[in-house]
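Counting from 1, position 219 in the sequence shown corresponds to residue 219 in my numbering; the numbering is continuous, with no gaps.
Cβ atoms here follow ideal geometry from the backbone N, Cα and C, with glycine treated the same way.
If you're wondering where the values come from, they're calculated on a predicted model, not measured in any experiment.
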Amino acid sequence: MNDKNWIAVDWGTSHLRVWAVDGARVRAAAQSDQGMGVLARSDFEGALLALVADWLPPGQVTQVIACGMVGSRQGWVEAPYRALPCVPLAGGLVPAPTQDPRLSVHVVPGLKQAQPANVMRGEETQIAGFLARHPGWDGVLCLPGTHSKWVHLSAGEVVSFQTFLTGEVFALLATQSVLRHSVSGWDAAGFKAGLTQGFERPDRLMGRLFPLRAEALLGGLDPGVARARLSGLLIGAELAVARPYWLGQRVAIIGARDLAGLYLQALAEVEMPATQVDATEMTLAGLDAARALRHVPTEP
């Protein structure tokens, strides 16, 4: 086993991202659209090899640590959810079956919450990476994305979390609803206006959507203003509902730069300071932390 050179994998529903790592230094990176959603179980090893075959030294076994939907019921191997409260990583890495003798693949389990019912896959690795970089940190993490997560951390454990379909709803409304004819581009003032409306009256969210189309038809509303206002409405409503989570807490945002920046701006508008960290960096830090756990038996 080559313990120094290893491969980090973030395998989502729609994309596969891989990194060749030397210790803690990334030597190379690659990605494809071969996400879990388009693969049969027998296809996973081939999809991985298509990206990493050149990184595998002959005659050696290379560690591969993977997180995300690769561990779902429809993934390469099911990595059972671990129940809260718990540390984000603790034993339970699940080996995936391989035919290529150069591969040793282990998958990080997700987390589950019984009441109210909730699950996560992939975010637990980013949380672990954040805690590895910020030991002893207590507070709330916001992980914006297709399905945004708000996660309460205490004493190194994930205590509880909430999930919001904000990103998915925005994509559906902007590309598949009647609003698709009226939204494109971006306008910072439009985002701020929508944010204020969504945060102050989340109960009126559903009634504020169609006017974006009507204002375009009757008043020539700029499509950049409309799109930004739509985003602001949805994020503002999310912040309002999540307010009991983040109010009075330390908050950090883990996400892609642009989207995380919108949440950082949104929290600043409601006078809630937060810090922003890069999602890829946290994923790699979490996968690095998971390497030491690959031989620990799976928890029930």
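Annotated three-state conformation of Q31 is strand, per DSSP. Annotation: the continuous beta strand (DSSP E) that includes D22 extends over 16-22.
For R133 and R25, the gap between their C-alpha atoms comes out near 15 Å. With contact defined as three or more Cβ pairs closer than 8 Å, the region 232-244 and the region 100-115 are not in contact. Here the alpha carbons of A274 and A268 stand approximately 8 Å from one another.
The DSSP assignment places 157-164 as complete runs of the beta strand (DSSP E) inside the region 149-224, in order along the chain (cut-off: 3 residues). Taking all protein chains in view, the Cβ of V119 is surrounded by fewer than 16 other Cβ atoms within 10 Å, so the residue is classified as exposed. In the DSSP annotation of this structure, the continuous segment of the beta strand (DSSP E) that includes Q113 starts and ends at 111-113.
DSSP places W76 in the coil class of the three-state scheme, outside both helix and strand. A residue is called buried when at least 16 other Cβ atoms come within 10 angstroms of its Cβ; L195 meets this threshold and is buried. Close CB contacts of W76 within its chain, under the 6 Å cut and outside five residues either way in sequence, are with F44, V70, A96 (chain order). Annotated three-state conformation of D43 is helix, per DSSP. In this model, P58 and P109 are separated by some 29 Å (Cα to Cα).
Here the region 247-261 makes no contact with the region 83-95; the two share fewer than three CB pairs at distances below 8 Å. Between G232 and K192, the gap from beta carbon to beta carbon is short of 8 Å. Taking the C-beta atoms as reference points, L230 is found nearer than 8 Å to F170. In this structure, the beta-carbon distance from W6 to I65 falls below 8 Å. When beta bridges are read from the DSSP output, R257 appears opposite no residue. Straight-line measurement puts the Cα of L84 at about 6 Å from the Cα of K112. About 13 Å separates the beta carbon of G46 from that of W11, a gap too long to meet the 8 Å contact definition. Straight through space, the alpha carbons of L284 and L48 are spaced by roughly 17 Å. The beta carbons of S148 and G122 sit no closer together than 8 Å.
Nearest to Q115 by C-alpha distance, out of A256, T175, V159, A79, is V159.
Just so you know, the alpha carbons of E78 and R41 end up roughly 10 Å apart. Judged by DSSP secondary structure, T275 falls within the beta strand (DSSP E) whose first and last residues are 275-278. According to the DSSP assignment, G129 belongs to no beta strand (DSSP E) but to the alpha helix (DSSP H) extending over 123-133.
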